[in-house]
Structure formats: C-alpha cells, structure tokens
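Undergrad:
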Amino acid sequence: MPENILIAIAWPYANAEIHVGNITGSHLPGDIVARYHRLKGNNVLMVSGTDSHGTPVTLAADKEGKAVEGVYKEYHYGFLDLFQELGISYDLFTTTHTENHFKVAQSMFLALKKNGFLFTQKSMQWYSPNAKKFLPDRYVEGTCYICGYEGARSDQCDNCGNVLEPEKLLEPRSKTGGALELRETEHFYLDLSKLEPDVKNFLKERAAHMRDTVLGESLGKIEAEGLKPRPITRDLDWGIPVPVAGWDGKCLYVWFEAVIGYLSAAIEWAALSGGSSSEAYRDPQSKRQKEAWREWWVNPAARQFYFIGKDNIFFHTSLWPAQLMGAGSAFMAIFASEEVPLSLPYDVPANQFMNLEGQKISGSRNWAIWGRDALTRYDPDALRYYLTVNMPENRDSDWDWAEFVARNNNELVATWGNLANRVLAFCDKNWDGYVPDFGTGGAEPPPLRPSDLSLLAVIEAGFQSVGRELDAVHLRAALQEAMRLASEVNKYLDTCAPWFEIKTDKDAAALTIYTALKAIDSLKVMFASFLPFTSERLHGFFGYESPLFGEQYTETVKDSLGEHKVLRYREVGRTVSPTYWKPSELQPGKKLNQPGPLFKKLEDTIVEEERARLGK
RNA sequence: CGCGGGGUAGAGCAGUGGCAGCUCGUCGGGCUCAUAACCCGGAGGUCCCAGGUUCGAGUCCUGGCCCCGCUACCA
Numbered sequence: 000m001p002e003n004i005l006i007a008i009a010w011p012y013a014n015a016e017i018h019v020g021n022i023t024g025s026h027l028p029g030d031i032v033a034r035y036h037r038l039k040g041n042n043v044l045m046v047s048g049t050d051s052h053g054t055p056v057t058l059a060a061d062k063e064g065k066a067v068e069g070v071y072k073e074y075h076y077g078f079l080d081l082f083q084e085l086g087i088s089y090d091l092f093t094t095t096h097t098e099n100h101f102k103v104a105q106s107m108f109l110a111l112k113k114n115g116f117l118f119t120q121k122s123m124q125w126y127s128p129n130a131k132k133f134l135p136d137r138y139v140e141g142t143c144y145i146c147g148y149e150g151a152r153s154d155q156c157d158n159c160g161n162v163l164e165p166e167k168l169l170e171p172r173s174k175t176g177g178a179l180e181l182r183e184t185e186h187f188y189l190d191l192s193k194l195e196p197d198v199k200n201f202l203k204e205r206a207a208h209m210r211d212t213v214l215g216e217s218l219g220k221i222e223a224e225g226l227k228p229r230p231i232t233r234d235l236d237w238g239i240p241v242p243v244a245g246w247d248g249k250c251l252y253v254w255f256e257a258v259i260g261y262l263s264a265a266i267e268w269a270a271l272s273g274g275s276s277s278e279a280y281r282d283p284q285s286k287r288q289k290e291a292w293r294e295w296w297v298n299p300a301a302r303q304f305y306f307i308g309k310d311n312i313f314f315h316t317s318l319w320p321a322q323l324m325g326a327g328s329a330f331m332a333i334f335a336s337e338e339v340p341l342s343l344p345y346d347v348p349a350n351q352f353m354n355l356e357g358q359k360i361s362g363s364r365n366w367a368i369w370g371r372d373a374l375t376r377y378d379p380d381a382l383r384y385y386l387t388v389n390m391p392e393n394r395d396s397d398w399d400w401a402e403f404v405a406r407n408n409n410e411l412v413a414t415w416g417n418l419a420n421r422v423l424a425f426c427d428k429n430w431d432g433y434v435p436d437f438g439t440g441g442a443e444p445p446p447l448r449p450s451d452l453s454l455l456a457v458i459e460a461g462f463q464s465v466g467r468e469l470d471a472v473h474l475r476a477a478l479q480e481a482m483r484l485a486s487e488v489n490k491y492l493d494t495c496a497p498w499f500e501i502k503t504d505k506d507a508a509a510l511t512i513y514t515a516l517k518a519i520d521s522l523k524v525m526f527a528s529f530l531p532f533t534s535e536r537l538h539g540f541f542g543y544e545s546p547l548f549g550e551q552y553t554e555t556v557k558d559s560l561g562e563h564k565v566l567r568y569r570e571v572g573r574t575v576s577p578t579y580w581k582p583s584e585l586q587p588g589k590k591l592n593q594p595g596p597l598f599k600k601l602e603d604t605i606v607e608e609e610r611a612r613l614g615k
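Residue numbering for the first sequence follows numbering that gives the first Met the number 0, beginning at 0 and increasing consecutively.
Below you can see the structure in the form of structure tokens.
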C-alpha cells in the first residue's frame, strides 16, 4: 500500500543566491528523501518556492532602480536553474507571488479570524519619509536605551541581548539612509497564547521521532517561555493585501504568509496537473486532478516532512502548526466544500548550519560557495556526495576543500565508482558486453556458490538497513551504510579474484562477475537518491530501457497577477514509476551497454584555487 | 540573564549501564580486473574536568569549564 509523503522544503528568500549551506540544509536532504520514497513506489509530493515578498526585496529594487517584480524574478529564475542542474526534483517549485497563493493565504487569515484567533493592536513603528514606507525593525539602528550600545537594532540589542521597544531607541538612524519618524500603526496579531495547549500536544505526540535539537528549540522553549501573540501584518506595498475592508496599504507579514506556501503549492500543483498547460489551471473539467492535493493535506495517513535550517525551527514546529490548527476546517470555505481539518507536520528534520573553511558563511563578504558557480566546475553528484556525508544533521559542519577532494577521490571514485567500473569493464572485455549466461542462454538460474549467495544476502539486506536510516532521515548514516556495502563487494572480488579464475576456470569467473554485477545493480538503487545522475548512467550501462527517475522541466503559468515560471517533475514514457527499491533481478545473458567511469578524480591543486576565490 | 545543542584516535562521527567502534588520513604488507584504483594487517584514546550512584559509568546523578546556536525578515 503506497504511502502519501509530502516533502516540504524551506522557501528561499528572493534577496540572495543559494549557497552550499542552503543546499545541504534543506533542498538536498528533502530531495534525497523524496527520491527514496519514489523508488519505494510511494506517492511523493515535493514542493517549495521563492519567498518573494517583504521589505528587503523592495529596498533592493529601489537601490538597483528596478521594478520589485523584476528583482524577485531574477533570483527566482536563478533558483530554477540551480535546482535543475543539481537535480533537486521538485514536483512544483513556484513563488509566493501567485493568484493562488494570495487566495490560500488570505483564506487562512480569514479562517483564523473567524475562529477568534486574531485581534488588532496599535503600536509605534519607525517610518522613512524618504522611502515613504515603514521600515523593518532590523533596518533601524541606534543607541540601546538599556546598555548604551551604539549599534543596537530597534527591536533588539546585540550587546546586552535585551528585546527593545522600537520607539524608545536613542538616536535612531536608517540603515538605508534618510530621516526617520515615529508613526502610529495598527496590526493584526495571531493570539498564539490561545493555541499553546494544542501546539504542546502536537509536539508531545511527535517527540519520539523528532530530533533533540528540534524538540529543544520548540517544546522546551514553549514550556519555558510560553507562546505570545505575534503581529501577522505589516505596512507594506509589496505582498499579499490584508483581506479586510479599510486595511489598504497593509500586507500579511512574510513569516505568516510564506509558510502557507506549503499548502498553496500543493493546491497549485494539483491545478496544473489537471492538464499540462496553464489553461488547465482554470479548467473545471479537470476537477478530479485538482482535488489531488487533498491526498497530502486532508489525509490522516499522509506524512509531511519539513526540511529547513535551524533558524526556522520555531516557525515550523510551533507557529505553522498553530496556524493550521487555528484555521481548522474553516479554511476549507475557500473550496465551498465539506469542512475537514488540515493535516499537521509529521516530522521536521531540521539541520544545523554548514560553515566554510572554519568560518561562518557570509554572502556579503563572499565567504560562500554559490551553488550555480560550483556547478560550473564540479559534477552535481560529486557536490551532492560531499554535502551529504558532511550534512549538519546534529551539529554545525564545515566545508573544507581539501576534504572535498579527499572524500571525492577516496570514497566516491575509489570505493563506489571504481567498483562499478572494474566489474563492468571486466565483463565487457571477457563476455563481449553480455551478462554471463552459463551456457544455457539464461534459461536456467545460475549455479551460485555459497560465497556468492552470502555476498548477495549481505548486499540485499541493505534495502532494509539503508532504508531504515533513510526512513529516520539519518542521511549521513544511510549513505555511509551503502558505501560500506560497496566495500563488501570489493572484498568479495579480491577473494574470488576473477582475473585469476578466468585463466583456469571461466565458469567460476562467470559466477563471480554475475554475482558482482547483481550486487552493483542493487547498490545502484541504494545510491540513487543520493547520486541520481550517475546512478541513472549506471542504470543505462546495465541496459535498462526505463529510467530510474522522471525528468525536470519548467513551465510558465499565467494568472491575474501576470505570469510566473515554475519548476516541475514528471515521469517519462510511463504514468507510474516501477518500484525499484528491491533486490536486482539481473538476467544472465542480458545485453549491457558500453561502460565508462562514473566519477571524475579531482586534482589536489583545486584546493588552493578554490580557497583563493573566497572572500573576494 | 534565559533557553537549546555539543565536547569520544590527526580530521569527521557512532555508541542501547557490561571487552571503546566506524569512515578518511597515517605506517607496513599483498594484488594487478579497475580512474595508481582494490584487499589485508598495524600504530594511534586521561571518552572536557571534579565528585557521586553502581559489582560495573563514555552512558545515570551533582557541580564546574569550554565551543556553537536561538531570542522572531542574517539559511
């Protein structure tokens, strides 16, 4: 019975390119788990998009003298390129600037309002007459009225750590220049204190399978400090309008609105999949497919996994569930359909941060490895491999160029790539490009020896052991286990030594090569979610017609806000993918294709070249 | 100040009260199918410190030291 798995990945903000820290933190782990579940034959929906709204984008646009929409789209298109090149296989990567997302977010707001979880309150905020807008707290600096520190932000002092009241800040100044004045403004607040018991219960129910780091940052924090009301609107002109009469010029706060994207993207995906073009978006005939999002959102059996960085834990474990529980079944009013509650997150396997050569990644100092730039010099699977074995699952990790080269050469190339290459090349040379058939033309099963059966048992147990780690989202451990199994095949080859066997007993060599090929064919599946490009190539060397995975493509969608480009994923030449997560059934006598090396060995000289690029 | 995570071989990590393990590196040996790749063996530990519970503590308890993070638009 296939499971429904929602893979929800943090929405990148449209004011910076994506670097290796972002990739290893959320996009890559999400992709690995999504691909694993696809291989198992589960129904996967993997969504995210560009977080396009908020003041930082408008300020960037002002500075560059560009239209706001152009600025967000520039980053958005860069994200689409990166995910295609790196094989981050989103079923839908969209943006928050869509008619659909506006409607869904506003409906969530109205449902919370209807259920009595919103209230309004007036407060003083810093206003820039120059820019004609209220500034976010972090864009206003001044002297702390508690400790006298001169570089305090208006909402918080980094020196004494106190939370500040913006209007009390001394000598306030705008980070973007120009005068400042205090103005009164009114906002909607989400009354989280009312939802606190529900959020606590939600977290307690999931305590057993959530990471300690994640629980500590959420349940531990709520028990210590409680949940306090938070504003959910801002004085902005670039964003989603507050759907209440008389609230012109105010938009939904980005933190409130962007997380709703996980839901709205599923709804957009279902609408788009009703047909292959944007017309389907409005086609009532495609109603059945349009309802498909419910399989992941109003289905108690569905499991939702959220892949995020540690800075986002509280939003996803506490605030987002509070929004979902608070909106409850009232949200469904948007569809004029029966009222059922929305599903809640199953797990939030948040990662810590990745540093770079011992220092914190910093875009402004260019102390970063940008995804698209790295892909101009290195293969996607080499990057994916290092980013997985070095994933900051339990604590911060460090990207070290010397280690990147060493692990690529000693593990990826030497252990796994060389294993596949040595066996396929040996087979190609001595059996003329066919799997050995033991003289029966493949009609009878091969007469395997106890040592052959024993190796295959060890390798095939990997579908359980690697699978167990993947199910628990222990990706480093899962990949290490697969690598350990590859090493077992290398040991087996050394013991059997087919290069000797073939001189005296070609049948024995045939058994060894058949066994090794079958083991590699199984290992290929275990590696596939981590290394999709090379696994697909290896799959091709084995002569299979149907690919392991589908393909990624982009599409332009038109709506009342204009048009937006999205990244999608589809099966090719089939509607349902076969279940690949099972031992190889390699047939003797099968025609193989011409093999070649899967990975490239890297020169040591790149270490200094790459280090020289940093900080410039 | 508060809260959270961490400290185990040169590096990175696992470890469920019962002989301290894994990957890489390093040293020595073997092999030649393979991208000089592969295989075997060795060396390398005050498990942050102090105290406690226990027949027995890396693991549980108490106190301390150090590193990282969160505190609400810095992934």
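Cβ atoms here follow ideal geometry from the backbone N, Cα and C, with glycine treated the same way.
Taking the alpha-carbon of Glu570 as reference, which of Ser559, Leu478, Glu550, Glu562 has the nearest alpha-carbon?
TA: Glu550
Undergrad: Comparing alpha-carbon positions, which option in Lys502, His473, Ala518 lies nearest Lys490?
TA: Ala518
Undergrad: Ordered along the chain, which non-local residues of its own chain (more than five positions away) have a Cβ less than 7 Å from that of Phe330?
TA: Ser106, Met107, Ala110, Leu341
Undergrad: Give the DSSP bridge partners of Glu180, in chain order.
TA: Tyr126
Undergrad: Rounded to the nearest angstrom, what separates Leu189 and His100 at their Cα positions?
TA: 20 Å
Undergrad: For Tyr345, write down the residues that DSSP places opposite it in a beta bridge.
TA: Answer is none; Tyr345 lacks a bridge partner.
Undergrad: Roughly how many angstroms separate the alpha carbons of Phe526 and Ser559, rounded to a whole number?
TA: 43 Å
Undergrad: Alpha carbon to alpha carbon, how far is Lys590 from Gly77? Give it in angstroms, no decimals.
TA: 41 Å
Undergrad: Going by DSSP in three states, Met324 sits in which element: helix, strand or coil?
TA: Looking at Met324 - three-state DSSP - the assignment turns out to be helix.
Undergrad: Determine the DSSP secondary structure at Ile6, reduced to helix, strand or coil.
TA: strand
Undergrad: Looking at Glu443 and Gly461, is the spacing between their C-beta atoms short of 8 Å?
TA: Cβ atoms of Gly461 and Glu443: not closer than 8 Å.
Undergrad: Take the Cβ of Leu169 as the centre, count every other Cβ of all protein chains shown within 10 Å, and call the residue buried at 16 or more, exposed below.
TA: With fewer than 16 Cβ atoms within 10 Å of its Cβ, Leu169 is classed as exposed.
Undergrad: Which runs of the alpha helix (DSSP H) fall wholly inside the segment 442 to 495 and span at least 4 residues, in chain order?
TA: 449 to 459, 461 to 470, 474 to 495
Undergrad: Helix or strand or just coil, what does DSSP make of Val46?
TA: Note: Val46 maps to strand in three-state DSSP.
Undergrad: Could you tell me which uninterrupted alpha helix (DSSP H) segments, each at least 4 residues in length, are contained entirely in the segment 204 to 266, listed from first to last along the chain?
TA: 211 to 214, 220 to 224, 253 to 257
Undergrad: For Lys599, which residues in the same chain have their Cβ closer than 6 Å to its Cβ, ignoring the five residues on either side in sequence?
TA: none
Undergrad: Only counting the same chain, and skipping five residues up and downstream in sequence, which positions put a Cβ closer than 6 Å to that of Leu85?
TA: Pro379
Undergrad: Determine the DSSP secondary structure at Gln105, reduced to helix, strand or coil.
TA: helix
Undergrad: Below 8 Å between beta carbons: does that hold for Ile307 and His18?
TA: no
Undergrad: Could you pull the start and end residues of the beta strand (DSSP E) that Leu522 belongs to?
TA: In this chain, Leu522 is not harboured by any beta strand (DSSP E); it is covered by the alpha helix (DSSP H) spanning 505 to 527.
Undergrad: Taking a contact to mean a Cβ-Cβ separation below 8 Å, would you say Thr54 touches Leu134 in this structure?
TA: yes
Undergrad: Applying the 10 Å Cβ sphere with the 16-neighbour rule, what's the burial state of Trp498?
TA: exposed
Undergrad: Can you tell me where the beta strand (DSSP E) holding His563 begins and where it ends?
TA: 561 to 569
Undergrad: Suppose you measure from the CA of Gly141 to the CA of Val297; what does that come to, to the nearest Å?
TA: 48 Å
Undergrad: To the nearest angstrom, report how far apart Ala60 and Thr95 are at their CA atoms.
TA: 17 Å
Undergrad: Check the DSSP bridge columns for Arg573 and list the partner residues they point to.
TA: According to DSSP, which records beta bridges pairwise, Arg573 is partnered with nothing at all.
Undergrad: Just the Cα atoms here: how many angstroms apart are Tyr12 and Ser51?
TA: 6 Å
Undergrad: Alpha carbon to alpha carbon, how far is Tyr305 from Thr212? Give it in angstroms, no decimals.
TA: 15 Å
Undergrad: Could you name the residues of the same chain whose beta carbon sits closer than 7 Å to that of Pro594, not counting the 5 residues immediately before and after it, in chain order?
TA: Answer for Pro594: Asn420, Leu423, Ala424, Asp427, Phe540, listed in chain order.
Undergrad: Assign Gly225 to buried or exposed, taking buried as 16 or more other Cβ atoms, counted over all protein chains shown, within 10 Å of its Cβ.
TA: exposed
Undergrad: In the segment 342 to 398, which residue ranges form an unbroken beta strand (DSSP E) of at least 3 residues, counting only runs that do not cross its ends?
TA: Runs found: 353 to 355, 396 to 398.
Undergrad: Is Phe187 helix, strand or coil by DSSP?
TA: Three-state result, Phe187: strand.
Undergrad: From Gly432 to Glu459, what does the alpha carbon distance come to, in whole angstroms?
TA: 25 Å
Undergrad: Compute the Euclidean distance between the alpha carbons of Ser486 and His538, then round it to the nearest angstrom.
TA: Ser486 and His538: Cα-Cα distance of roughly 20 Å.
Undergrad: From Asp504, Thr387, Lys102, pick the residue whose C-alpha is nearest to that of Pro531; which is it?
TA: Thr387
Undergrad: Would Ile4 and Asn42 qualify as a contact pair, given that the criterion is a beta-carbon distance under 8 Å?
TA: Yes, they are a contact pair.
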